[in-house]
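2 protein chains.
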Amino acid sequence: MKASQFFISTLKEAPADAEVVSHQLMMRAGMIKRLGAGIYNYMPMGLRVIRKVEAIIREEMNRAGAVELLMPVVQPAELWQETGRFDKMGPELLRVKDRHERDFIIQPTSEEVVTDIARQELRSYRQLPKNFYHIQTKFRDERRPRFGIMRGREFTMKDAYSFDRDAAGAAVSYQGMFDAYKRIFDRFGLQYRAVAADTGAIGGDLSHEFQVIADTGEDAIVYCPTSDYAANIELAEAVAPAAPRAAPGQALAKTPTPGKSTCADVATLLGLPLQQTVKSLVLATDELDERGDIVKSTVWLLLVRGDHDMNEIKVGKLPGLKAGWRFATVAEIEDHFGCKPGYLGPIGLKKPLQVIADRTVAGMHDFVCGANEADFHFTGVNWGRDLPEPTLVADIRNVLAGDPSPDGQGVLAIQRGIEVGHVFYLGTKYSQAMNATYLDANGKPQLMEMGCYGIGVTRILGAAIEQSHDARGIIWPASIAPFAAVLCPIGYDRSPEVKAAADALHAELLAAGVDVLLDDRGERPGAMFADWELIGVPQRVVLSDRGLKAGTVELQGRREDAASMVPLAEVAALVKGRLSA
Amino acid sequence: MKASQFFISTLKEAPADAEVVSHQLMMRAGMIKRLGAGIYNYMPMGLRVIRKVEAIIREEMNRAGAVELLMPVVQPAELWQETGRFDKMGPELLRVKDRHERDFIIQPTSEEVVTDIARQELRSYRQLPKNFYHIQTKFRDERRPRFGIMRGREFTMKDAYSFDRDAAGAAVSYQGMFDAYKRIFDRFGLQYRAVAADTGAIGGDLSHEFQVIADTGEDAIVYCPTSDYAANIELAEAVAPAAPRAAPGQALAKTPTPGKSTCADVATLLGLPLQQTVKSLVLATDELDERGDIVKSTVWLLLVRGDHDMNEIKVGKLPGLKAGWRFATVAEIEDHFGCKPGYLGPIGLKKPLQVIADRTVAGMHDFVCGANEADFHFTGVNWGRDLPEPTLVADIRNVLAGDPSPDGQGVLAIQRGIEVGHVFYLGTKYSQAMNATYLDANGKPQLMEMGCYGIGVTRILGAAIEQSHDARGIIWPASIAPFAAVLCPIGYDRSPEVKAAADALHAELLAAGVDVLLDDRGERPGAMFADWELIGVPQRVVLSDRGLKAGTVELQGRREDAASMVPLAEVAALVKGRLSA
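Chains as they are written, first to last, in the numbering used here: chain P, 286 to 866; chain A, 286 to 866.
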């Protein structure tokens with residue numbers, strides 16, 4: 286393709302509202318154009334990337350035996366009422382009434398519609414397993430859309446849904462999708478990790494996120510460099526201390542810590558390691574009556590080591606806290622501890638309450654905690670001697686880098702990631718709600734076992750850029766770059782030799798299957814080079830009169846600091862070789 | 286592809302709500318599945334056709350220099366308020382409020398958004414002409430969705446928009462799209478006509494519809510078999526009678542026609558040709574005040590020959606009627622004619638009114654019309670002698686087959702068509718409303734001249750089927766068939782020879798670039814053949830033990846009544862030859 290037949294629009298400066306680098310670079314490179322909050326036009330340059338991403342997904346989904354169909358954007362509310370999601374989902378579900386005042390939604394996903402198809406179409410065990418997918422426009426009315434197309438409102442997603450005879454079959458389908466996703470992300474040329482993820486309300490242990498590695502990612506990914514272990518920090522187990530708890534070595538002492546209300550400040554004041562302190566977190570749960578009014582509240586004390594962070598997902602799975610919890614109010618705290626926050630601890634409580642200790646805390650001795658008196662902490666605290674053993678010992682903290690891996694194969698490392706894919710075993714959550722059954726070999730109706738599998742198509746663009754860019758712009762992997770190579774002739778309109786060589790090389794590369802663009806815009810070399818570095822095309826060939834006299838052109842990979850002079854006759858093969866490397 | 290990796294779901298009977306044959310056959314062939322009124326799932330078999338249609342459109346649009354982008358489905362109301370369409374459009378425009386109560390619409394087309402892009406991105410005359418297109422989901426909240434995906438609510442459309450420096454440039458862009466559309470429809474393999482169409486409120490003479498020929502079409506297409514002339518009947522000119530009006534030959538006579546209120550009944554009663562009668566049509570126009578209340582109504586009498594139909598589009602272009610007209614009420618009629626409808630005529634009016642005669646009527650003599658008295662008509666009526674010449678003579682009727690062609694090159698024929706494409710010169714309608722200007726060579730802002738060009742992607746499927754089907758099912762053109770060929774092995778699971786031959790032929794055809802499906806479902810031959818005839822695959826190869834023993838297979842084109850025995854070794858080349866023929 287020639288630039289004159291295409292549309293290129295670059296900006297020197299990113300718009301002020303572009304917060305993250307991928308958003309800034311996509312705007313500057315003319316890939317997207319804002320239409321409204323969280324709603325973007327995909328400009329020609331960006332659409333090319335989307336189409337390449339879609340093509341790779343489609344090929345691998347088909348290879349894995351999934352069948353493509355297309356479910357509507359505007360969906361009748363009835364099906365969403367069957368599963369209860371029409372009422373349960375918050376305002377992120379965009380609801381709309383048609384001219385007859387009937388309710389519809391703009392789809393954020395398609396579990397209901399695909400389950401409706403399955404219960405009508407998949408009637409016999411002989412038709413199972415089956416996996417349907419579509420690549421379709423989605424809408425989620427985010428309260429605060431941001432990060433460009435990374436958290437937009439309208440976006441493109443590939444969502445697949447598997448239907449199986451039983452849980453064992455569903456596990457096979459799940460593994461098939463997991464393997465397909467690995468092939469997809471390998472072909473994208475991105476650094477990623479498949480990590481075990483929380484399964485939320487559905488339970489079970491089959492859920493993996495595909496995280497693109499990027500320092501700016503919102504998710505923390507835990508992995509073991511010496512084994513296969515990888516999980517979202519929400520899920521990663523902090524294993525119990527290997528050593529048994531040591532015997533008390535110090536006497537309990539109440540120590541003044543005026544104005545020192547954090548573990549770090551207390552440790553510094555006392556000249557002790559932060560690892561010897563214990564942090565008190567006070568939560569509350571509420572019992573509601575039928576009308577939703579609070580009948581009774583219970584207060585809970587959770588203890589984690591001073592350098593540890595409480596893991597809210599893990600806490601949400603504890604007995605008594607599963608149904609939902611909140612942080613206690615100051616009034617509740619003062620009522621139970623007789624003290625304001627900052628100096629709380631498990632000794633000398635004003636009212637009895639449940640004490641849940643993290644496994645690390647349960648293994649500590651001679652530790653420091655608040656004395657339930659302003660400006661005082663206890664030191665030399667020991668379980669059993671100074672206070673009763675905790676009501677419950679559990680894993681309630683985030684792991685730290687250096688913690689032992691749960692698989693016993695090494696120690697954990699942590700990096701940041703951007704979630705771009707998710708495979709999820711659904712079980713019978715939707716098939717039960719919608720009575721999606723098939724007839725088994727005995728003619729008996731059975732609920733279908735389901736899985737769902739998503740890839741954020743448009744989000745891939747943002748994640749790829751967050752992972753790979755430099756001061757000059759985007760650095761695309763060759764497989765999803767808008768163009769794999771660009772020819773930059775200097776003086777295309779002036780020099781017949783340059784024009785002839787550029788046109789011939791263009792034709793040669795196209796014939797060799799290289800997705801190449803010939804920049805015939807007549808821009809100055811500096812501006813032209815800057816555009817293509819910003820847009821991030823992997824391979825650039827510069828043709829000039831001077832070089833051509835010597836039979837050479839300049840070849841430069843987007844990651845290279847300088848160009849190489851290579852013979853014109855060899856450059857097509859070189860470019861092709863580099864792109865398939 | 287093998288059937289076992291795909292999804293095939295056929296029905297013996299069409300659902301009761303499927304009114305037209307294309308809807309019935311698409312449902313029976315498992316191409317679409319109803320989700321709600323006018324909203325369909327595109328099942329795998331139907332989606333394959335859509336993708337092929339899209340691919341052809343995309344290739345030819347790109348070849349014509351148009352650039353693909355993607356504009357959102359959910360669009361902010363602000364732009365639609367700029368052009369006034371947010372308020373002007375009826376309930377077919379689906380309006381939605383987001384969580385912040387801001388107004389949005391679900392796009393039916395994208396003039397506003399693309400003009401917004403153009404006014405920001407196309408700043409210099411050097412960037413023009415430019416043509417942007419997208420293939421995107423559309424929504425029109427039809428009052429009465431019907432005919433399956435032919436008049437659905439959610440559908441896929443390709444819409445392109447051209448931007449030019451001036452009207453001359455816009456005409457070149459228009460012609461480029463017109464030519465591209467011809468290539469597109471040629472490649473679809475459909476019988477179609479590009480017909481001149483009405484330009485509605487915008488005016489100008491550049492508008493063509495691409496009509497797929499089908500007896501069931503909603504549009505009447507007028508064409509001249511001996512010339513290039515083709516137009517929608519809405520637009521087709523009924524030329525003035527060549528011969529001058531003949532002198533009166535009869536005396537005016539009031540004749541009893543008891544109970545005969547139609548021209549046909551009167552002609553029969555009087556033993557006269559219908560062509561000697563004149564039909565009176567009474568219209569009214571209203572003048573409104575600022576609040577929209579009617580201040581004054583004017584009544585008009587329109588006269589067309591008894592066998593002619595009034596053309597509402599032509600009437601809407603007459604002086605005095607341009608701003609909108611309606612049929613007169615019975616009260617208005619009685620007030621002006623002193624008679625109830627059925628016996629009206631231009632002689633002896635109670636109140637004076639404007640009389641508009643069709644050109645044919647103005648050329649008639651000795652004609653018959655109502656006497657403005659119940660159960661009486663006048664015969665032998667003559668202009669000038671019995672009544673004044675009409676206030677206005679104009680072309681206000683639909684042409685009839687056999688009428689002279691407006692280009693003077695023959696006589697007109699009429700066929701039915703389904704509108705699937707439309708090219709339209711917009712002028713500055715949108716660029717003016719949205720102030721979309723560019724700087725000309727002198728640095729002066731100028732309004733861009735626009736054109737818009739649509740193809741109903743999903744509608745193509747319905748139109749193709751309406752055009753081409755038989756009692757057994759759909760007959761797809763090869764270029765857009767879900768599969769170009771199908772292999773039907775008899776005993777695939779039983780006979781190693783059949784399986785080996787079918788697998789080898791499948792591989793051979795795929796390698797030759799034929800989009801072939803191997804039916805490995807193990808259906809009985811009769812059911813298998815019926816499925817593929819219903820689905821409409823162009824070429825079918827049946828492999829059986831008996832045939833293979835003689836080295837032959839059966840080859841049958843979908844339009845053929847019987848199969849031919851052909852050598853197995855030659856069948857791949859034969860299939861490929863037939864498909865590219």
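C-beta atoms are modelled at their ideal positions from N, C-alpha and C, and glycine is treated no differently. Please read all numbers here as calculations on a predicted model, not as lab measurements.
* Sequence-distant residues of its chain with Cβ nearer than 8 angstroms to residue 864/P (five each side left out) -> 763, 769, 770, 799, 823 and 824
* How would you write the range of the alpha helix (DSSP H) that residue 306/P sits in, first residue to last? -> 306-313
* Could you have a look at residue 481/A and say whether DSSP puts it in helix, strand or coil? => strand
* From this set, 319/P, 610/P, 452/P and 659/P, which residue's C-alpha is nearest residue 585/P's C-alpha? -> 610/P
* Under the three-state reduction of DSSP, which class applies to residue 849/A: helix, strand or coil? -> strand
* Is the shortest distance between the beta-carbon of residue 359/P and the beta-carbons of chain A less than 8 angstroms? -> yes
* residue 767/A at chain P interface by Cβ criterion, 8 angstroms -> no
* For residue 418/P, the three-state DSSP class (helix, strand or coil) -> strand
* Use the C-beta contact count for residue 370/P: other C-beta atoms within 10 angstroms, 16 or more gives buried, fewer gives exposed. => buried
* To do: Determine the burial state of residue 604/A: buried for a count of at least 16 other Cβ atoms within 10 Å of its Cβ, exposed for fewer.
  => exposed
* Asked: Cα separation between residue 325/P and residue 354/A?
  -> 11 angstroms
* residue 296/A, buried or exposed, once every other Cβ within 10 Å from all chains shown has been counted against 16 -> exposed
* residue 465/P (DSSP reduced to helix, strand or coil) -> helix
* Does the beta carbon of residue 350/A come closer than 8 angstroms to any beta carbon on chain P? -> yes
* Asked: Taking Cβ positions only, does residue 496/A come closer than 8 angstroms to chain P?
  -> no
* Within 8 angstroms (strictly less), CB to CB, does residue 432/P reach chain A? -> no
* How should residue 577/P be labelled, buried or exposed, when 16 other C-beta atoms within 10 angstroms of its C-beta is the threshold for buried? -> exposed
* Using the C-alpha atoms, what's the distance from residue 404/P back to residue 707/P? -> 24 angstroms
* Asked: chain P beta carbons: is any one of them nearer than 8 angstroms to that of residue 321/A?
  -> yes
* Note down the Cα distance separating residue 791/P from residue 765/P, rounded to an integer number of angstroms. => 20 angstroms
* Would a check of beta-carbon distances place residue 326/A closer than 8 angstroms to chain P? -> yes
* Residue environment, residue 693/A, which counts as buried when at least 16 other CB atoms sit within 10 Å -> exposed
* Taking 8 angstroms as the CB-CB cut-off, is residue 426/A touching chain P? -> yes
* To do: Measure the C-alpha to C-alpha separation of residue 838/A and residue 779/A and round it to an integer number of angstroms.
  => 17 angstroms
* **Close-in-space but distant-in-sequence residues of the same chain around residue 540/A (CB under 6 angstroms, 5 per side omitted)** => 662 and 664
* What residues of chain P sit near residue 294/A, judged by a beta carbon separation below 7 angstroms? -> 406
* **Option in 311/P, 300/P, 446/P and 375/P with minimal Cα separation from residue 352/P** => 446/P
* Asked: With a cut-off of 8 angstroms, does the C-beta of residue 415/P fall near any C-beta of chain A?
  -> yes
* Bridge partner(s) assigned by DSSP for residue 586/P -> 567/P and 640/P
* Hey, out of 657/P, 589/P, 597/P and 594/P, whose CA is closest to residue 620/P's CA? -> 657/P
* To do: Just the C-alpha distance for residue 475/A and residue 749/A, rounded to the nearest angstrom, thanks.
  => 7 angstroms
* To do: Within its chain, find whatever has a CB closer than 8 angstroms to the CB of residue 538/A; leave out the 5 residues flanking it on each side and keep chain order.
  => 663, 664 and 665
* Asked: Alpha carbon to alpha carbon, what distance is there between residue 361/P and residue 320/A?
  -> 8 angstroms
* Pull up the CB-CB distance for residue 496/P and residue 480/P, whole angstroms please, since I reckon it's below 8 angstroms. => 6 angstroms
* To do: Pick out the complete beta strand (DSSP E) segments inside the segment 647-730 of chain A, 3 residues or longer, and give them in chain order.
  => 652-655, 661-666, 677-679, 698-712 and 722-724
* Asked: Would you call residue 593/P buried or exposed, if buried means 16 or more other Cβ atoms sit within 10 Å of its Cβ?
  -> buried
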